[in-house]
Amino acid sequence: MEKESKKTKKKPVVGITIGDMNGIGPEVIIKALENTKILNQITPVIYGSSKIVSYYRKAFDKNNFNFNQIKDLKDIHHKKVNVFNCWDEIVDINPGEENATGGKYAFIALEQATRDVTSGHLDAIVTAPINKHNIQSDNFDFPGHTEYLTDIVGKKDSLMFLVSDSFRVGVVTGHIPLKEVAESITAEKIQMKLDLMIKSLKKDFGIVKPKVAVLGLNPHAGEEGLLGQEENEIIKPLIDSYKSKGQIVHGPFPSDGFFGAGTHFKYDGVLAMYHDQGLIPFKSLAFDSGVNFTAGLPIVRTSPDHGTAYSIAGKDQANENSMRQALYLAMDIANHRREYQD
(Lines of atoms letter the chains of each structure in order from A and count residues from 1; the text may use other names and numbers.)
(Lines give C-alpha, C1' and ligand atoms only; values in the text may rest on other atoms or scores of the structure.)
Protein backbone atom coordinates (compact mmCIF):
# COMPACT_ATOMS: atom_id res chain seq x y z
CA MET A 1 0.00 0.00 0.00
CA GLU A 2 1.20 3.51 -0.76
CA LYS A 3 2.50 5.60 2.09
CA GLU A 4 -0.48 7.43 3.55
CA SER A 5 -0.55 11.06 4.58
CA LYS A 6 -2.55 12.23 7.57
CA LYS A 7 -5.20 13.47 5.17
CA THR A 8 -5.67 10.18 3.32
CA LYS A 9 -5.92 8.27 6.59
CA LYS A 10 -8.99 10.31 7.50
CA LYS A 11 -10.72 9.74 4.18
CA PRO A 12 -13.44 7.09 4.45
CA VAL A 13 -12.80 3.97 2.35
CA VAL A 14 -16.08 3.29 0.58
CA GLY A 15 -16.85 -0.02 -1.13
CA ILE A 16 -19.17 0.13 -4.16
CA THR A 17 -20.82 -3.09 -5.32
CA ILE A 18 -21.21 -3.39 -9.09
CA GLY A 19 -24.82 -4.59 -8.87
CA ASP A 20 -26.36 -6.31 -11.89
CA MET A 21 -23.74 -5.90 -14.61
CA ASN A 22 -26.46 -5.77 -17.26
CA GLY A 23 -28.26 -2.87 -15.59
CA ILE A 24 -27.24 0.76 -15.21
CA GLY A 25 -25.11 0.15 -12.11
CA PRO A 26 -21.72 0.14 -13.84
CA GLU A 27 -22.68 3.22 -15.86
CA VAL A 28 -23.73 5.37 -12.90
CA ILE A 29 -20.68 4.25 -10.91
CA ILE A 30 -18.28 5.32 -13.66
CA LYS A 31 -20.08 8.60 -14.23
CA ALA A 32 -20.19 9.39 -10.51
CA LEU A 33 -16.47 8.72 -10.09
CA GLU A 34 -15.08 10.21 -13.31
CA ASN A 35 -14.83 13.64 -11.69
CA THR A 36 -11.66 13.12 -9.69
CA LYS A 37 -12.61 15.78 -7.13
CA ILE A 38 -14.49 13.08 -5.24
CA LEU A 39 -11.14 11.39 -4.56
CA ASN A 40 -10.27 14.26 -2.24
CA GLN A 41 -13.02 13.12 0.10
CA ILE A 42 -13.28 9.34 -0.21
CA THR A 43 -11.24 6.35 -1.34
CA PRO A 44 -13.59 4.35 -3.60
CA VAL A 45 -13.30 0.60 -4.11
CA ILE A 46 -15.53 -0.91 -6.80
CA TYR A 47 -16.36 -4.55 -6.07
CA GLY A 48 -16.84 -6.51 -9.27
CA SER A 49 -14.46 -7.01 -12.15
CA SER A 50 -12.06 -4.76 -14.04
CA LYS A 51 -13.35 -6.39 -17.22
CA ILE A 52 -16.85 -5.05 -16.56
CA VAL A 53 -15.54 -1.58 -15.78
CA SER A 54 -13.35 -1.63 -18.90
CA TYR A 55 -16.28 -2.79 -21.04
CA TYR A 56 -18.49 0.13 -20.02
CA ARG A 57 -15.61 2.61 -20.04
CA LYS A 58 -15.09 1.76 -23.70
CA ALA A 59 -18.83 1.65 -24.50
CA PHE A 60 -19.35 5.17 -23.14
CA ASP A 61 -16.04 6.56 -24.40
CA LYS A 62 -14.77 7.29 -20.89
CA ASN A 63 -11.13 6.71 -21.76
CA ASN A 64 -9.96 9.18 -19.14
CA PHE A 65 -11.52 7.08 -16.39
CA ASN A 66 -8.55 5.29 -14.85
CA PHE A 67 -8.49 2.80 -12.00
CA ASN A 68 -6.19 0.69 -9.89
CA GLN A 69 -6.84 -3.08 -9.99
CA ILE A 70 -6.57 -4.96 -6.70
CA LYS A 71 -7.36 -8.37 -5.26
CA ASP A 72 -6.51 -7.43 -1.69
CA LEU A 73 -7.43 -4.28 0.23
CA LYS A 74 -3.84 -3.82 1.34
CA ASP A 75 -3.11 -2.74 -2.25
CA ILE A 76 -5.56 0.18 -2.22
CA HIS A 77 -4.38 3.42 -3.81
CA HIS A 78 -5.91 6.34 -1.87
CA LYS A 79 -5.65 8.82 -4.73
CA LYS A 80 -7.28 6.63 -7.37
CA VAL A 81 -10.45 4.69 -8.05
CA ASN A 82 -9.81 1.06 -7.09
CA VAL A 83 -11.45 -2.00 -8.64
CA PHE A 84 -11.50 -5.12 -6.48
CA ASN A 85 -11.53 -8.16 -8.79
CA CYS A 86 -13.98 -10.54 -7.13
CA TRP A 87 -13.59 -13.19 -9.86
CA ASP A 88 -11.12 -14.03 -12.61
CA GLU A 89 -13.27 -15.72 -15.23
CA ILE A 90 -14.52 -13.95 -18.36
CA VAL A 91 -18.24 -13.27 -18.11
CA ASP A 92 -20.61 -12.32 -20.92
CA ILE A 93 -22.03 -8.82 -20.50
CA ASN A 94 -25.45 -8.20 -22.08
CA PRO A 95 -26.71 -4.69 -21.27
CA GLY A 96 -30.47 -4.57 -20.80
CA GLU A 97 -30.90 -8.32 -20.37
CA GLU A 98 -32.19 -9.92 -17.19
CA ASN A 99 -30.40 -13.23 -16.80
CA ALA A 100 -28.94 -15.58 -14.21
CA THR A 101 -25.40 -14.38 -14.87
CA GLY A 102 -26.22 -10.85 -13.75
CA GLY A 103 -27.70 -12.14 -10.51
CA LYS A 104 -24.88 -14.60 -9.79
CA TYR A 105 -22.07 -12.09 -10.07
CA ALA A 106 -24.00 -9.30 -8.37
CA PHE A 107 -24.14 -11.55 -5.31
CA ILE A 108 -20.44 -12.47 -5.50
CA ALA A 109 -19.53 -8.77 -5.44
CA LEU A 110 -22.00 -8.04 -2.65
CA GLU A 111 -20.75 -10.94 -0.54
CA GLN A 112 -17.12 -9.80 -0.76
CA ALA A 113 -17.95 -6.17 0.02
CA THR A 114 -20.14 -7.22 2.93
CA ARG A 115 -17.34 -9.38 4.30
CA ASP A 116 -14.94 -6.42 4.15
CA VAL A 117 -17.27 -3.84 5.69
CA THR A 118 -18.37 -6.10 8.54
CA SER A 119 -14.74 -6.88 9.36
CA GLY A 120 -13.96 -3.17 9.58
CA HIS A 121 -11.80 -2.90 6.45
CA LEU A 122 -14.27 -0.48 4.83
CA ASP A 123 -15.94 2.54 6.40
CA ALA A 124 -19.10 2.14 4.32
CA ILE A 125 -20.58 0.41 1.31
CA VAL A 126 -22.72 1.77 -1.51
CA THR A 127 -24.74 -0.86 -3.35
CA ALA A 128 -25.58 -0.47 -7.04
CA PRO A 129 -28.98 -1.87 -8.08
CA ILE A 130 -29.66 -5.60 -8.19
CA ASN A 131 -32.56 -7.47 -9.72
CA LYS A 132 -34.48 -8.95 -6.80
CA HIS A 133 -35.48 -11.96 -8.90
CA ASN A 134 -32.32 -13.17 -10.62
CA ILE A 135 -30.13 -12.79 -7.52
CA GLN A 136 -32.15 -15.34 -5.54
CA SER A 137 -30.20 -18.47 -4.58
CA ASP A 138 -29.42 -20.69 -1.62
CA ASN A 139 -27.12 -17.92 -0.39
CA PHE A 140 -29.49 -15.03 -1.05
CA ASP A 141 -33.09 -15.68 -0.04
CA PHE A 142 -34.16 -12.13 0.77
CA PRO A 143 -36.45 -9.45 -0.72
CA GLY A 144 -33.49 -7.12 -1.19
CA HIS A 145 -30.23 -5.62 0.07
CA THR A 146 -31.81 -4.25 3.25
CA GLU A 147 -33.00 -7.59 4.55
CA TYR A 148 -29.80 -9.38 3.52
CA LEU A 149 -27.52 -6.93 5.31
CA THR A 150 -29.75 -6.83 8.39
CA ASP A 151 -29.51 -10.62 8.63
CA ILE A 152 -25.75 -10.70 8.01
CA VAL A 153 -24.97 -8.34 10.89
CA GLY A 154 -27.32 -10.23 13.22
CA LYS A 155 -29.83 -7.46 13.81
CA LYS A 156 -33.52 -8.11 14.44
CA ASP A 157 -34.60 -5.10 12.42
CA SER A 158 -33.41 -2.07 10.47
CA LEU A 159 -34.98 0.99 8.89
CA MET A 160 -35.30 1.74 5.20
CA PHE A 161 -34.52 5.45 5.28
CA LEU A 162 -34.86 7.52 2.09
CA VAL A 163 -32.74 10.66 2.31
CA SER A 164 -32.42 13.82 0.23
CA ASP A 165 -31.14 17.33 0.90
CA SER A 166 -34.63 18.52 1.80
CA PHE A 167 -36.30 15.67 3.70
CA ARG A 168 -36.04 12.10 4.98
CA VAL A 169 -38.65 9.32 4.92
CA GLY A 170 -38.59 5.95 6.68
CA VAL A 171 -41.10 3.10 6.47
CA VAL A 172 -42.58 0.82 9.13
CA THR A 173 -43.27 -2.03 6.69
CA GLY A 174 -41.03 -2.52 3.67
CA HIS A 175 -41.02 -5.23 1.04
CA ILE A 176 -44.25 -7.04 1.89
CA PRO A 177 -47.53 -7.43 -0.04
CA LEU A 178 -49.98 -4.58 0.49
CA LYS A 179 -52.64 -6.98 1.81
CA GLU A 180 -50.32 -7.81 4.74
CA VAL A 181 -49.61 -4.22 5.75
CA ALA A 182 -52.53 -3.57 8.13
CA GLU A 183 -51.95 -6.71 10.19
CA SER A 184 -48.25 -5.84 10.41
CA ILE A 185 -48.91 -2.40 11.91
CA THR A 186 -48.48 -2.95 15.64
CA ALA A 187 -47.39 -0.62 18.41
CA GLU A 188 -44.24 -2.69 18.87
CA LYS A 189 -43.36 -2.49 15.17
CA ILE A 190 -43.91 1.26 14.95
CA GLN A 191 -41.95 1.84 18.16
CA MET A 192 -39.02 -0.18 16.87
CA LYS A 193 -38.86 1.83 13.63
CA LEU A 194 -39.40 5.14 15.40
CA ASP A 195 -36.59 4.40 17.85
CA LEU A 196 -34.29 3.49 14.95
CA MET A 197 -35.16 6.73 13.15
CA ILE A 198 -34.61 8.96 16.19
CA LYS A 199 -31.31 7.29 17.05
CA SER A 200 -30.14 7.52 13.42
CA LEU A 201 -31.00 11.21 13.19
CA LYS A 202 -28.81 11.79 16.24
CA LYS A 203 -25.96 9.41 15.45
CA ASP A 204 -25.82 9.50 11.64
CA PHE A 205 -27.01 13.04 10.88
CA GLY A 206 -25.84 14.98 13.94
CA ILE A 207 -29.30 16.26 14.95
CA VAL A 208 -29.37 16.71 18.72
CA LYS A 209 -33.16 16.98 19.16
CA PRO A 210 -34.87 15.34 16.17
CA LYS A 211 -38.34 16.42 15.12
CA VAL A 212 -40.29 13.47 13.66
CA ALA A 213 -43.66 13.22 11.91
CA VAL A 214 -45.67 9.98 11.85
CA LEU A 215 -48.18 9.31 9.07
CA GLY A 216 -51.50 7.54 9.51
CA LEU A 217 -52.31 4.21 7.90
CA ASN A 218 -55.79 4.91 6.56
CA PRO A 219 -57.15 7.64 4.25
CA HIS A 220 -57.43 10.94 6.13
CA ALA A 221 -55.62 9.25 9.04
CA GLY A 222 -58.74 7.26 9.80
CA GLU A 223 -61.13 10.25 9.95
CA GLU A 224 -61.54 9.85 13.74
CA GLY A 225 -62.33 6.15 13.39
CA LEU A 226 -64.71 6.42 10.45
CA LEU A 227 -62.18 4.96 8.00
CA GLY A 228 -60.21 2.70 10.32
CA GLN A 229 -59.22 2.26 13.96
CA GLU A 230 -55.44 1.86 13.70
CA GLU A 231 -54.81 5.55 14.29
CA ASN A 232 -56.93 5.77 17.47
CA GLU A 233 -56.01 2.39 18.90
CA ILE A 234 -52.33 2.07 17.96
CA ILE A 235 -50.64 5.12 16.46
CA LYS A 236 -51.97 8.02 18.57
CA PRO A 237 -51.34 6.36 21.97
CA LEU A 238 -47.79 5.52 20.90
CA ILE A 239 -47.11 9.10 19.78
CA ASP A 240 -48.48 10.38 23.11
CA SER A 241 -46.04 8.12 24.96
CA TYR A 242 -43.12 9.70 23.09
CA LYS A 243 -44.41 13.20 23.83
CA SER A 244 -44.67 12.34 27.52
CA LYS A 245 -40.95 11.54 27.46
CA GLY A 246 -40.04 14.88 25.90
CA GLN A 247 -39.57 13.57 22.35
CA ILE A 248 -40.71 15.79 19.47
CA VAL A 249 -43.00 13.33 17.67
CA HIS A 250 -46.17 14.55 15.96
CA GLY A 251 -49.04 12.87 14.10
CA PRO A 252 -50.63 10.82 12.80
CA PHE A 253 -50.90 12.94 9.66
CA PRO A 254 -52.99 12.16 6.54
CA SER A 255 -50.26 11.45 3.98
CA ASP A 256 -51.85 13.24 1.02
CA GLY A 257 -52.35 16.57 2.74
CA PHE A 258 -49.07 16.23 4.63
CA PHE A 259 -46.95 16.08 1.50
CA GLY A 260 -49.28 18.26 -0.57
CA ALA A 261 -48.93 21.14 1.88
CA GLY A 262 -45.15 20.73 2.14
CA THR A 263 -45.35 19.90 5.85
CA HIS A 264 -42.58 17.31 5.40
CA PHE A 265 -40.05 20.14 5.09
CA LYS A 266 -40.71 21.08 8.74
CA TYR A 267 -39.49 17.74 10.11
CA ASP A 268 -36.12 16.01 10.36
CA GLY A 269 -37.72 12.66 9.58
CA VAL A 270 -41.07 11.29 8.43
CA LEU A 271 -42.22 7.78 9.35
CA ALA A 272 -44.60 6.25 6.80
CA MET A 273 -46.61 3.12 7.54
CA TYR A 274 -45.83 1.25 4.33
CA HIS A 275 -43.49 1.22 1.33
CA ASP A 276 -45.43 3.15 -1.31
CA GLN A 277 -46.87 5.66 1.15
CA GLY A 278 -43.35 6.90 1.77
CA LEU A 279 -41.53 6.12 -1.45
CA ILE A 280 -44.00 7.52 -3.97
CA PRO A 281 -43.85 11.11 -2.61
CA PHE A 282 -40.12 10.78 -1.96
CA LYS A 283 -39.27 9.65 -5.48
CA SER A 284 -41.69 12.16 -6.98
CA LEU A 285 -39.83 14.97 -5.26
CA ALA A 286 -36.25 13.68 -5.17
CA PHE A 287 -35.85 10.91 -7.75
CA ASP A 288 -32.52 12.08 -9.21
CA SER A 289 -30.98 13.05 -5.88
CA GLY A 290 -32.52 10.65 -3.36
CA VAL A 291 -30.54 8.02 -1.49
CA ASN A 292 -31.63 4.81 0.23
CA PHE A 293 -29.89 4.43 3.61
CA THR A 294 -30.23 1.37 5.85
CA ALA A 295 -30.39 2.82 9.35
CA GLY A 296 -29.93 0.82 12.53
CA LEU A 297 -26.99 -1.31 11.42
CA PRO A 298 -23.44 -1.27 12.83
CA ILE A 299 -22.22 -0.77 9.26
CA VAL A 300 -22.94 2.15 6.92
CA ARG A 301 -24.82 1.22 3.75
CA THR A 302 -26.39 3.53 1.18
CA SER A 303 -27.61 3.06 -2.38
CA PRO A 304 -29.15 5.10 -5.19
CA ASP A 305 -32.94 5.13 -5.00
CA HIS A 306 -33.48 3.56 -8.44
CA GLY A 307 -33.37 0.06 -9.90
CA THR A 308 -31.48 -1.70 -12.68
CA ALA A 309 -33.37 0.21 -15.42
CA TYR A 310 -32.72 -2.45 -18.07
CA SER A 311 -34.60 -0.39 -20.66
CA ILE A 312 -31.83 2.22 -20.80
CA ALA A 313 -28.84 0.06 -19.79
CA GLY A 314 -25.88 0.41 -22.14
CA LYS A 315 -27.36 3.48 -23.85
CA ASP A 316 -25.46 6.20 -21.97
CA GLN A 317 -28.76 7.65 -20.72
CA ALA A 318 -28.61 6.94 -16.99
CA ASN A 319 -28.43 9.83 -14.54
CA GLU A 320 -25.64 9.29 -12.01
CA ASN A 321 -26.69 11.93 -9.49
CA SER A 322 -28.38 9.52 -7.08
CA MET A 323 -25.25 7.34 -7.05
CA ARG A 324 -23.08 10.39 -6.46
CA GLN A 325 -25.30 11.49 -3.58
CA ALA A 326 -25.18 7.94 -2.17
CA LEU A 327 -21.39 8.16 -2.08
CA TYR A 328 -21.41 11.52 -0.35
CA LEU A 329 -24.05 10.42 2.16
CA ALA A 330 -22.04 7.30 3.01
CA MET A 331 -19.04 9.56 3.62
CA ASP A 332 -21.05 11.98 5.76
CA ILE A 333 -22.58 9.24 7.90
CA ALA A 334 -19.23 7.52 8.42
CA ASN A 335 -17.79 10.85 9.58
CA HIS A 336 -20.80 11.62 11.81
CA ARG A 337 -20.47 8.24 13.49
CA ARG A 338 -16.82 8.92 14.27
CA GLU A 339 -17.78 12.27 15.83
CA TYR A 340 -20.69 10.69 17.70
CA GLN A 341 -18.40 8.05 19.20
CA ASP A 342 -15.84 10.67 20.16
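Residue numbers (our numbering): 10 to 351.
C-beta: ideal position from N, C-alpha, C; glycine also.
Treat the numbers as computed from the prediction; the structure is a model and nothing was measured.
For residue i, three-class secondary structure by DSSP
i: L247; result: helix
i: P263; result: coil
i: T195; result: coil
i: I61; result: helix
i: Q50; result: coil
i: I38; result: helix
i: I139; result: coil
i: P152; result: coil
i: Q78; result: strand
i: S14; result: Confidence is the limiting factor: at S14 the pLDDT is only 43, short of 50, which leaves the residue's position unreliable and the question unanswerable from this model.
i: L168; result: strand
i: I144; result: coil
i: T311; result: strand
i: L306; result: coil
i: L235; result: coil
i: A230; result: helix
i: I161; result: helix
i: I216; result: coil
i: N31; result: coil
i: I257; result: strand
i: N328; result: coil
i: N241; result: helix
Nearest candidate by alpha-carbon position, reference residue i, set the options
i: L187; options: G28, L294, Y283 and V23; result: Y283
i: L42; options: L82, K88 and K80; result: K88
i: E192; options: H229, K212, K80 and E239; result: E239
i: G316; options: E348, I308, P35 and P290; result: P35
i: K211; options: E348, V162 and L48; result: E348
i: Y64; options: D325, H345 and M340; result: D325
i: F76; options: A68, Q200, D84 and N91; result: N91
i: V134; options: F296, L168, V178 and V23; result: First, the residue type needs correcting, since residue 134 is Ile and not Val in the sequence shown. For the residues F296, L168, V178 and V23, the minimum Cα distance to I134 belongs to V23.
i: F291; options: S264, V309 and S320; result: S264
i: T303; options: F296, L294, D314 and A295; result: D314
i: R66; options: G179, G266, K40 and N44; result: K40
i: R124; options: G111, P228 and L158; result: L158
i: K20; options: T45, Q50 and A68; result: Q50
i: V178; options: A109, H86 and A281; result: A281
i: P104; options: A339, S320, L336 and N330; result: S320
i: A339; options: V172, I216, Q286 and G225; result: V172
Environment of residue i [buried if 16+ CB atoms lie within 10 Å]
i: K12; result: With a pLDDT of only 43 at K12, under the threshold of 50, the placement of this residue in the model should not be trusted, and no figure is reported.
i: T136; result: buried
i: F274; result: exposed
i: D101; result: exposed
i: T195; result: exposed
i: K252; result: exposed
i: G183; result: buried
i: E189; result: exposed
i: A270; result: exposed
i: I25; result: buried
i: K83; result: exposed
i: S14; result: Low local confidence applies: a pLDDT of 43 at S14 is under 50, so the model's placement there is unreliable, and no value is given.
i: K16; result: Note on K16: pLDDT 42, under 50, position unreliable in the model; no value is reported.
i: E242; result: exposed
i: V217; result: exposed
Bridge-paired residues (DSSP) for residue i
i: Y56; result: T26 and F93
i: V279; result: V178 and A222
i: I134; result: G24 and R310
Residue i at chain B interface by Cβ criterion, 7 Å
i: N77; result: Of the protein chains in the structure, only one exists, and it is not chain B.
Worksheet item: What are the start and end residues of each continuous beta strand (DSSP E) run of 3 or more residues lying completely inside the region 67 to 112, in chain order?
Response: Counting only runs of 3 or more, we get 76 to 79 and 90 to 94.
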